[in-house]
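Take a look at the structure below.
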Amino acid sequence: MNTSSHEISLTVNGRAVEATVESRLSLADFLRRELGLVGTHLGCEQGACGACTVLVDGRSVRSCIMLAVQADECELRTVESLAPGLAMHPLQDAFHKHQALQCGFCTPGMLLRCLELIEENPDITDEEAREGISSNSCRCTGYQYIVDAVVEAAEQMRQ
Ligand code: FES
Ligand code: FES
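In this text, residue positions in the sequence shown follow the numbering used here: the first is 12, and each later residue adds one.
Shown next, in the form of structure tokens:
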């Protein structure tokens with residue numbers, strides 16, 4: 012190990028991971044290139060669009076501007092965690108039902124941001140959902156269908 016490399020231990024989607032990473036490797040590149048979790052998308056790579064959103068210790072972060080070394084000893088969830096088997100997560104079902112995606116590029120990050128919102132606020136309203144997803148850009152949907160999906164998924168997850 013040279014001085015620009017670091018050993019990290021973390022949990023990704025319930026799996027323990029140990030790796031040696033370069034100091035400047037972004038968390039997004041670590042997930043995509045080293046772990047093959049390509050569901051995490053890269054858009055602006057400047058922290059603006061939210062396409063690369065993942066959950067770190069339950070909080071949404073932009074993995075393009077977080078370093079992999081900063082995830083040491085953290086618990087990560089990526090979009091791949093939502094449906095580890097054949098059944099879709101209630102959020103994915105609701106996105107499908109309400110056509111809350113078109114090209115789908117923003118969708119992995121949007122799903123994780125929405126999951127954070129519902130976990131923080133199981134009774135989320137339309138208005139709260141709209142404000143909550145304003146952190147993430149979508150060029151296709153106009154957002155209303157996403158708001159509808161979040162509120163319905165929250166209802167499903169309460170039951
Ligand atoms: S790709 Fe990370 S915020 Fe846009
Ligand atoms: S569905 Fe195309 S950017 Fe959101």
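Yeah, the Cβ is synthetic: ideal placement off N, Cα and C, and Gly gets one too.
Quick caveat: nothing in here was measured; it's all calculated off a predicted structure.
By the criterion of a C-beta distance shorter than 7 Å, F41 is surrounded in its chain by V32, A79, once the five residues flanking it on both sides are discounted. At a cut-off of 8 Å, the beta-carbon of C55 counts as near ligand 1: some heavy atom of the ligand is closer than that. With a cut-off of 8 Å, the C-beta of S15 is classified as distant from ligand 2, since no heavy atom of the ligand falls inside that distance.
Ligand 2 has a heavy atom closer than 8 Å to the beta-carbon of Q113.
Shortest gap from the CB of T136 to any heavy atom of ligand 2: 8 Å or more. Restricting attention to E127, E18, T118, the CA atom closest to the CA of S34 is found in E18. DSSP, reduced to helix, strand and coil, places A160 within a helical segment of the structure shown.
The way I'd put it, the region 94 to 102 doesn't touch the region 44 to 55; fewer than three beta-carbon pairs between them come closer than 8 Å. Within the same chain, and ignoring the five residues on either side of A140 in sequence, the residues whose Cβ sits closer than 7 Å to its Cβ are L128, V158, V161, V162.
Put simply, the backbone Cα of R88 is about 22 Å away from that of D134. The beta strand (DSSP E) runs of length 3 or more contained entirely in the region 42 to 98 are, from start to end of the chain, 64 to 67, 70 to 73, 86 to 88. Of all alpha-carbon atoms in T118, D137, I76, N24, the one lying nearest the alpha-carbon of A39 is that of I76. Between V67 and G120, the C-beta spacing is not below 9 Å.
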